[in-house]
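Visitor:
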């Protein structure tokens with residue numbers, strides 16, 4: 020994600036991480052961002068309000084929102100949930116593909132994929 024954020028930072032793309040984990044703190048988010056050298060901010064969503072509003076179920080659950088505020092892509096970052104290319108298939112980074120299409124003035128061809136990862140730990 021860091022590479023993607025850096026790739027599109029000069030193309031009018033705003034990258035934001037939303038941490039909807041109920042047991043997080045602003046300090047923990049800041050420390051994580053510094054340790055990982057994140058080139059984007061982390062929104063503290065301990066209440067789960069933002070995550071629920073978007074229907075986020077996994078971490079990561081990627082969303083691309085156009086300048087009009089519409090979701091133009093949601094789902095997995097890529098087609099490699101186990102960290103390797105699916106047998107017989109090419110690796111597809113869905114977010115990179117969609118952002119490439121958008122920044123080229125095209126429509127997003129794949130609007131939704133199934134997200135994968137750990138479940139979001141929302142407050143009860």
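In our numbering, the protein residues as written are 20 to 143.
Where a beta carbon is used, it is the ideal one built from N, C-alpha and C, also for glycine.
1) Name the DSSP beta bridge partners of residue 97, please?
2) For the beta strand (DSSP E) that contains residue 37, what are its first and last residues?
3) Check for me: the beta strand (DSSP E) holding residue 27 runs from which residue to which?
4) Provide the residue span of the alpha helix (DSSP H) that contains residue 73, from first to last.
5) Hey, out of 51, 119, 48 and 38, whose CA is closest to residue 24's CA?
Guide: In terms of the structure at hand:
1) For residue 97, which the question treats as bridged, DSSP gives the partners 112.
2) Per DSSP, the unbroken beta strand (DSSP E) holding residue 37 starts and ends at 36-38.
3) From DSSP, residue 27 is part of no beta strand (DSSP E) but of the alpha helix (DSSP H) over 21-27.
4) In this chain, the alpha helix (DSSP H) harbouring residue 73 covers 68-73.
5) Selected option, being the one with the closest Cα: 119.
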